[in-house]
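The block underneath contains the structure these notes are about, expressed in structure tokens.
There are 2 protein chains.
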Amino acid sequence: MEKTSRDAAMTDVARLAGVSHQTVSRVLNNHPNVREQTRLRVKAAIKELDYRPNRAARALVTGKTQLIGVVAQNSTLYGPASLLSAFEEAAGEAGFAVSVGRVKVLDRDSIAAAVERHRDQRVAGIVVIAPNSSAADALADVPAGVPLVTVDGDPDRSTPLVTVDQAKGAFEATKHLIDAGHETVWHVSGPADWFDAAGRVEGWRAALDATSAEVPPVVAADWSAASGYRAGQMLARMPEVTAVFCSNDHLALGVLRAMSERGRRVPHDVSVVGFDDVPEAAYFIPPLTTVRPDFAAVAHETLGLLLEQVSDGETTRPRRTVAPTLVKRDSVAPPPR
Amino acid sequence: MEKTSRDAAMTDVARLAGVSHQTVSRVLNNHPNVREQTRLRVKAAIKELDYRPNRAARALVTGKTQLIGVVAQNSTLYGPASLLSAFEEAAGEAGFAVSVGRVKVLDRDSIAAAVERHRDQRVAGIVVIAPNSSAADALADVPAGVPLVTVDGDPDRSTPLVTVDQAKGAFEATKHLIDAGHETVWHVSGPADWFDAAGRVEGWRAALDATSAEVPPVVAADWSAASGYRAGQMLARMPEVTAVFCSNDHLALGVLRAMSERGRRVPHDVSVVGFDDVPEAAYFIPPLTTVRPDFAAVAHETLGLLLEQVSDGETTRPRRTVAPTLVKRDSVAPPPR
DNA sequence: CGACCTGGTGTTATCGCTAACATCACCGGC
DNA sequence: GCCGGTGATGTTAGCGATAACACCAGGTCG
Numbered sequence: 001m002e003k004t005s006r007d008a009a010m011t012d013v014a015r016l017a018g019v020s021h022q023t024v025s026r027v028l029n030n031h032p033n034v035r036e037q038t039r040l041r042v043k044a045a046i047k048e049l050d051y052r053p054n055r056a057a058r059a060l061v062t063g064k065t066q067l068i069g070v071v072a073q074n075s076t077l078y079g080p081a082s083l084l085s086a087f088e089e090a091a092g093e094a095g096f097a098v099s100v101g102r103v104k105v106l107d108r109d110s111i112a113a114a115v116e117r118h119r120d121q122r123v124a125g126i127v128v129i130a131p132n133s134s135a136a137d138a139l140a141d142v143p144a145g146v147p148l149v150t151v152d153g154d155p156d157r158s159t160p161l162v163t164v165d166q167a168k169g170a171f172e173a174t175k176h177l178i179d180a181g182h183e184t185v186w187h188v189s190g191p192a193d194w195f196d197a198a199g200r201v202e203g204w205r206a207a208l209d210a211t212s213a214e215v216p217p218v219v220a221a222d223w224s225a226a227s228g229y230r231a232g233q234m235l236a237r238m239p240e241v242t243a244v245f246c247s248n249d250h251l252a253l254g255v256l257r258a259m260s261e262r263g264r265r266v267p268h269d270v271s272v273v274g275f276d277d278v279p280e281a282a283y284f285i286p287p288l289t290t291v292r293p294d295f296a297a298v299a300h301e302t303l304g305l306l307l308e309q310v311s312d313g314e315t316t317r318p319r320r321t322v323a324p325t326l327v328k329r330d331s332v333a334p335p336p337r
Numbered sequence: 001m002e003k004t005s006r007d008a009a010m011t012d013v014a015r016l017a018g019v020s021h022q023t024v025s026r027v028l029n030n031h032p033n034v035r036e037q038t039r040l041r042v043k044a045a046i047k048e049l050d051y052r053p054n055r056a057a058r059a060l061v062t063g064k065t066q067l068i069g070v071v072a073q074n075s076t077l078y079g080p081a082s083l084l085s086a087f088e089e090a091a092g093e094a095g096f097a098v099s100v101g102r103v104k105v106l107d108r109d110s111i112a113a114a115v116e117r118h119r120d121q122r123v124a125g126i127v128v129i130a131p132n133s134s135a136a137d138a139l140a141d142v143p144a145g146v147p148l149v150t151v152d153g154d155p156d157r158s159t160p161l162v163t164v165d166q167a168k169g170a171f172e173a174t175k176h177l178i179d180a181g182h183e184t185v186w187h188v189s190g191p192a193d194w195f196d197a198a199g200r201v202e203g204w205r206a207a208l209d210a211t212s213a214e215v216p217p218v219v220a221a222d223w224s225a226a227s228g229y230r231a232g233q234m235l236a237r238m239p240e241v242t243a244v245f246c247s248n249d250h251l252a253l254g255v256l257r258a259m260s261e262r263g264r265r266v267p268h269d270v271s272v273v274g275f276d277d278v279p280e281a282a283y284f285i286p287p288l289t290t291v292r293p294d295f296a297a298v299a300h301e302t303l304g305l306l307l308e309q310v311s312d313g314e315t316t317r318p319r320r321t322v323a324p325t326l327v328k329r330d331s332v333a334p335p336p337r
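Respectively, the protein sequence lines represent chains V and U.
Just so we're aligned: 101 in UniProt numbering is position 101 of the first sequence, and the numbers increase by one with no gaps anywhere.
Just so we're aligned: 136 in UniProt numbering is position 136 of the second sequence, and the numbers increase by one with no gaps anywhere.
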């Protein structure tokens, strides 16, 4: 019975190719000063032995890994999940492995612990998806020296940050409702300590101000359909409410249900707009007009910003925003007259 | 200007504590033969220098990493996303880092490439979320010797596998509809090459067989609300359809919309049951009765199975299923008479 | 009372790689 | 024809851990 010998190492390849291990290393790292013929011999030997470089050994001597750490909340909220997925794909294409540290709640201690775990692994850089203020606060504890990019984080903090242009998306959504003829637009907001929610409130208000429309009180909710439903139950009772902009699609779903229950037809009696464009938004009743963020673009900007820091140590433009798109479906109509 | 010196290494700790680096290593690895007093001195030195062991060096000498590789599709489908999230959390709690390799499509080449990337990283084990047959096929290429667990994979393959008990969940959902008085139950199925979908078809059919109910033709769809809507448009036209079991909640959402458009009230005229219990299912119109899988349990079983293989090399019980729960809401009622 | 174990510690080799320097053949220029 | 430059390669010295073995004091036992 044959015992499987250990994996081939660089010296094994070198022996087979009749060169020194250093030459093998040069081939692997595309150094210029290797004769073409030698390079081919080495490559053949690599293939024959199914040799794969030992990353641990390389990391040990260079002091660098090809690993990026991501800290994210353990939630399946559509926005963060999409972002994470897009980032993993982008990083993978750039040859980086992504190590994900999930955190139950976005508080200071949990995030600090997750960051520490990543530092233990000696990641090349860290991405924190820090959509609310407690998460952003935790970043104050992170020691400098580790390249770090925040996604969806605090716009008022000076750390490198990539984010969807929430205000712009909200502005367009609101303006779309006003343009349809509504006198004003109500807003069902996400949790106040989430920057995404704050940015959307800001854009909504700016759009109302721009046309001197009355600014109704913000209806506070969390991100769930449940809270959207509760908000909708109130809004459905107020006859003057003809247009509602919801901070995400699930809130909009809850509002739709509440309207339906009280016999207020969407869009005939009330118009509704969401945010996120979840895949099923087109199959709400009625199909939902909403704002679609470009998660792939956010992921690419994030990776770019991080790699800039890794190589230069500094970065010139540490703040990037990505504009979302308004997707028009059937939940907006002129107000009843 | 001070130059930041490199991170503290084991020898630095040893020098400060007045011992050899080997003793430091022993303290770190909880070897028994260290005097209590020495242990404390070493620990103090570790703290003072903010020393953290170099994993690369450890991996190099031991030949093992504390990394688990996961291969998953780049999708935000609720089931796979929840599973991934739950697994990352479970692994993190067990002291393992998780490296996620996202794949655009679940075909043979992509999966093989992702597995290779993980092997390059010398992960301790690999988890493949392989919910359809093309993904399962790709696993045939994976060389033995790497501990590997499949989640949601092919029940007919002999590799270690953890999965939700789809058939059981579907059986209960269908039986619930029959018990409500429906003569038979129609089924809107997920893609035929997904094992989840196949298992749910099987459970549905078993429940009908058990009561000698007529087995109507399966209505084929993918997982999207869009295809559920198309299926619903057909079902809504057939007066004898009074109960529909959908392979997931988004399909159910599409069916609900189609029913609503044709004036067939749910649950008064038609009863609908879904699968997955997405967070917003309780806010569909009407709130959806559905089947809830226990993703956390699946994640724990998966991790356990993987670690068993890592340590023992073998495993006794390579197949584990986790039973889901029926969640009753308002989308089921007795048939109209 | 010397042989032998045993708990606590140090010394040395080693993992697989890259960086730095050494070597050597060959080239062109004065 | 000797010198310095250059391209291709080899040699050596680490990176920071663990493993294996060596060592030494002190206690046990025949």
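Beta carbons are placed, not taken as given, at the ideal position from N, Cα and C, and that holds for glycine.
Note that the structure is a prediction, hence the values are computed from the model and not measured.
Proximity of alanine 197 of chain U to chain V, defined by a Cβ-Cβ separation below 8 Å, is not satisfied. Counting along the chain, the unbroken alpha helix (DSSP H) around valine 201 of chain U starts and ends at 195-210. Ala59, Leu60, Gly63, Thr65, Leu67, Asn74, Ser75, Thr76 and Tyr78: these are the residues of the segment 59-78 of chain V whose beta carbon lies less than 8 Å from some beta carbon of chain U, given in chain order. Taking a C-beta distance under 8 Å as the contact criterion, threonine 174 of chain U and proline 160 of chain U do not qualify as a contact pair. Look at alanine 112 of chain V here: in three-state DSSP terms it is helix.
At least one beta carbon of chain U lies nearer than 8 Å to the beta carbon of leucine 253 of chain V. Shown here for proline 80 of chain U: same chain residues with a beta carbon closer than 8 Å to its own, the five before and five after excluded, namely Ala72, Gln73, Ile129, Pro131 and Asp152 in chain order. When rounded, the separation of the alpha-carbon atoms in proline 287 of chain V and alanine 140 of chain V is 42 Å. Rounded to the nearest whole angstrom, the CA to CA distance from leucine 60 of chain V to proline 293 of chain U is 43 Å. For alanine 243 of chain V, the beta-bridge partners assigned by DSSP are V/Ser271. Note on methionine 259 of chain V: 16 or more other CB atoms within 10 angstroms of its CB, so buried under the neighbour-count rule.
Judged by DSSP in its simplified three-state form, histidine 182 of chain V adopts coil rather than helix or strand. Taking 8 Å as the upper bound for CB-CB distance, aspartate 249 of chain U and threonine 290 of chain U are in contact here, some 6 Å apart. Looking only at U/Leu307, U/Thr302 and U/Glu308, the smallest Cα-Cα distance to leucine 83 of chain U is reached by U/Thr302. Taken in chain order, the members of the segment 111-140 of chain U whose beta-carbon sits within less than 9 Å of a beta-carbon on chain V are Ala114, Glu116, Arg117, His118, Arg119, Asp120, Gln121 and Arg122. Under DSSP, leucine 303 of chain V forms no beta bridge with any residue. Close to chain U, meaning a Cβ-Cβ distance shorter than 7 Å, are the following residues of the segment 84-101 of chain V: Ser85, Glu88, Glu89, Gly92, Ala97, Val98, Ser99, Val100 and Gly101. Distances from the alpha-carbon of alanine 192 of chain V to those of V/Arg205, V/His118, V/Val27 and V/Asp222 put V/Asp222 closest. The beta carbons of valine 272 of chain V and valine 244 of chain V sit closer together than 8 Å. Bridge pairing for valine 266 of chain U: absent [DSSP]. Taking a Cβ-Cβ cut-off of 7 Å, asparagine 248 of chain V has no neighbours in chain U, whose nearest Cβ is about 10 Å from it.
Residue burial is scored here from C-beta neighbours: valine 100 of chain V has at least 16 other C-beta atoms within 10 angstroms and is therefore classed as buried.
Of all residues in the segment 264-284 of chain U, only Val278, Pro279, Glu280, Ala281, Ala282, Tyr283 and Phe284 place a beta-carbon less than 9 Å from a beta-carbon of chain V.
Judged by DSSP in its simplified three-state form, valine 98 of chain U adopts strand. With a threshold of 16 other beta carbon atoms within 10 Å, proline 143 of chain V falls short and is exposed. Secondary-structure assignment with DSSP links serine 189 of chain U through a beta bridge to U/Ala220. With the criterion set as a beta carbon lying under 8 Å from some beta carbon of chain U, the members of the segment 213-247 of chain V are Ser224, Ala225, Ala226, Gly228 and Tyr229, in sequence order. Under the three-state reduction of DSSP output, arginine 320 of chain U falls in the strand class. With respect to glutamate 280 of chain U, alanine 225 of chain V sits close: the two C-beta atoms are nearer than 8 Å. Here glutamine 22 of chain U is exposed: its Cβ has fewer than 16 other Cβ atoms, across all protein chains shown, within 10 Å.
Shown here, alanine 8 of chain U sits in coil according to DSSP, grouped into three states, outside any helix or strand. Between the segment 194-204 of chain V and the segment 101-118 of chain V there are fewer than three C-beta pairs closer than 8 Å, too few to call the two in contact. DSSP places isoleucine 68 of chain U within a strand segment (E or B) once states are collapsed to three. Around the Cβ of arginine 55 of chain U, a 10 Å sphere holds 16 or more other Cβ atoms; the residue is buried. Among the CB atoms of chain V, one or more fall inside 8 Å of the CB of asparagine 54 of chain U. Under the three-state reduction of DSSP, glycine 92 of chain V is assigned to helix.
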